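Here the structure comes first, spelled out in structure tokens, and everything after it is commentary.
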DNA sequence: TCTTGACCCTCCCGTTGCGGGAGACAATAA
DNA sequence: TTATTGTCTCCCGCAACGGGAGGGTCAAGA
């Protein structure tokens, strides 16, 4: 058992690369026991093995070199570094929270795209009668032009973005198309009741609906309305307000995409 | 509404810093609509605003510049980038897992240190009679020298490290001190039954014990044993095997610390 | 028309924790 | 003695910018 190791041997022993050892020397956190003055060769003794182990442990816990320097300078016992440990823990927990938020958005986008793809491939694009379940929603009621709809979704996103669990929809309180003074309500299904100024949170009741999935840009929606309304007339059903549009696939969060592939489900509650 | 913005105006509009815009230009992911040949001034038109927004969204999701370049080159719709999104999600989930593991270790160390501090300050260091609850443990039984104990803990750490929920302990199956051929079992309390080759997983039954917390290095343990055994004799109690030592504070995960502050609870089960 | 201040340009350095490689000595083996 | 490792220092690169130097450009007021 020697008590003086060259940098290569010490690297073998500790598992730290030669480069890393030189770097730690430069940073002053793991200084060789001796350095040959003429050759500059570094030599480490056994006591440095323990120190190297400490540094590795701290690095595994994502401590910065600077922090490790401070810790090694001040502490000899774990009790001394409690504050450092807690700070590190907070930093990591913060990063976990951020990463989780991102993963949630990614999941949302992925799920949305997959279901849209499903519909595009297997959808019938015909009038159907369905039961719609009740959902908890957040909405902002607007009287004005349909083009203000986007603003409503923007506000909603800021207000309850964290709680959205499904695709955007819009409620229409007029029985007919209106160029101006339309009465409608952009909504998001949410997973939790929260109270936000100016946002209505409530449960939309279950209902039986005639539905039709419209494929294409929004200015072509009229055609699909014509189709579904002719079916309503044929059945002599009565529509109750508000009617709904569910935006199965619209301009995405990242890309606007091609309007030809937009999917919108028209839902008309009947009797 | 102009349709040509200087880099400063465009920076105001998009919220991206001038430096960042120049950087994105250099990387080729957000190229100005025109560059004045003589002055080098960059000019952006309205179409770039949307592109800037896309880039910001992707950056928020921690996509690298390189990936963003690839995405922008190949895709125009979210459906096209599903694979990228999933890859990104996996990367983030992996990081979350790693961070969580670190946080767990940190928590463990913090909790251990705090409870050790508590004992150091308020401990009685006298023989006490206590009820010990049953615990699920993982152990490796060893016949040899007490100094092999550390190896056992090492193996256990590798085998069930993820499931450890409390301080290390050791069971002693000999009624007396043995220099060689000692029969003992290093153990960790664990939170989950797992099966590992060579590791015994079982529930240690509850029992009533005489206990004494020893403060100091392990080679001084004999004194505390003398103290507690004299109490046993005084009470005329009978000790049942195995006896236990719980390592309340020993050489830490990071620092070895000062042996004078080590804390070891001796537990002798009585009739 | 001149000046002033705001704006823009390029180029270089710094960040973190190393890894890769060049060119030059040093130590060891055949 | 030579060949092969081992080691040294110095420099560049990474990712995604931020800071600053030193210099040219633009629009408005005097």
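Chains as they are written, first to last, in our numbering: chain A, 28 to 298; chain H, 28 to 298.
We put the beta carbon where it would ideally sit given N, CA and C, even for glycine.
Small disclaimer: the values here were computed from a predicted structure and weren't measured.
Name the DSSP bridge partner or partners of residue i?
| i | result |
| --- | --- |
| residue 191 of chain H | H:217 |
| residue 170 of chain H | H:210 |
| residue 33 of chain A | A:70 |
| residue 64 of chain H | Residue 64 of chain H is not bridged to any residue. |
| residue 228 of chain H | H:165 |
| residue 272 of chain H | H:197 and H:293 |
| residue 266 of chain A | A:297 |
Are the C-beta atoms of residue i and some chain A residue less than 7 Å apart?
| i | result |
| --- | --- |
| residue 129 of chain H | yes |
| residue 146 of chain H | no |
| residue 2 of chain H | Because chain H spans 28 through 298 in this model, residue 2 of chain H falls outside it and cannot be assessed. |
| residue 126 of chain H | yes |
| residue 119 of chain H | yes |
Does any residue of chain H bring its CB to less than 7 Å from the CB of residue i?
| i | result |
| --- | --- |
| residue 285 of chain A | yes |
| residue 122 of chain A | yes |
| residue 81 of chain A | yes |
| residue 84 of chain A | yes |
| residue 299 of chain A | The question about residue 299 of chain A has no answer, for chain A in this structure spans 28 to 298. |
Taking the alpha helix (DSSP H) that residue i falls in, what are its first and last residues?
| i | result |
| --- | --- |
| residue 223 of chain H | First-last for residue 223 of chain H: undefined, no H or E at that position. |
| residue 280 of chain A | Unbroken run through residue 280 of chain A: none, as it is neither H nor E. |
| residue 158 of chain H | Per DSSP, residue 158 of chain H belongs to no alpha helix (DSSP H); it is in the beta strand (DSSP E), 155-159. |
| residue 235 of chain H | Not the alpha helix (DSSP H): residue 235 of chain H falls in the beta strand (DSSP E), residues 234-242. |
| residue 53 of chain A | 45-54 |
| residue 144 of chain A | 109-149 |
| residue 97 of chain A | 92-101 |
Please classify residue i: is it buried, with 16 or more other beta-carbons within 10 angstroms of its beta-carbon, or exposed?
| i | result |
| --- | --- |
| residue 166 of chain H | buried |
| residue 250 of chain A | exposed |
| residue 294 of chain H | buried |
| residue 265 of chain A | exposed |
| residue 87 of chain H | exposed |
| residue 41 of chain A | buried |
| residue 98 of chain H | buried |
| residue 139 of chain H | buried |
| residue 39 of chain H | exposed |
| residue 253 of chain H | exposed |
| residue 277 of chain H | buried |
| residue 284 of chain H | buried |
| residue 188 of chain A | exposed |
| residue 172 of chain A | exposed |
| residue 69 of chain A | buried |
| residue 207 of chain A | exposed |
| residue 232 of chain H | exposed |
| residue 271 of chain A | buried |
| residue 217 of chain H | buried |
| residue 108 of chain A | buried |
| residue 66 of chain H | exposed |
| residue 226 of chain H | buried |
| residue 179 of chain H | buried |
Going by DSSP, what residue range makes up the beta strand (DSSP E) through residue i?
| i | result |
| --- | --- |
| residue 292 of chain A | 290-296 |
| residue 199 of chain A | 196-199 |
Closer than 6 Å: is that where the CB of residue i sits relative to any heavy atom of the ligand SAH?
| i | result |
| --- | --- |
| residue 79 of chain A | This structure simply doesn't include the ligand SAH, nor any ligand for that matter. |
### Under 9 Å (Cβ pairs) to chain A, residues found in the stretch 97-111 of chain H
98, 102, 103, 104, 105, 106, 107, 108 and 109
### Query
If you measure beta-carbon to beta-carbon, which residues of the stretch 210-232 of chain A are closer than 9 Å to chain H?
none
#### Entry: Residues within the stretch 256-283 of chain A neighbouring chain H, beta-carbon criterion of under 9 Å
276, 279, 280, 281, 282 and 283
#### Entry: Where the stretch 155-170 of chain A meets chain H: residues whose CB sits under 9 Å from a CB there
none
### Query
Which residues, in order along the stretch 131-145 of chain H, keep a beta-carbon less than 9 Å from a beta-carbon of chain A?
Against chain A - using a Cβ distance shorter than 9 Å - the residues of the stretch 131-145 of chain H are 132, 133, 134, 136, 137, 139, 140, 141, 143 and 144.
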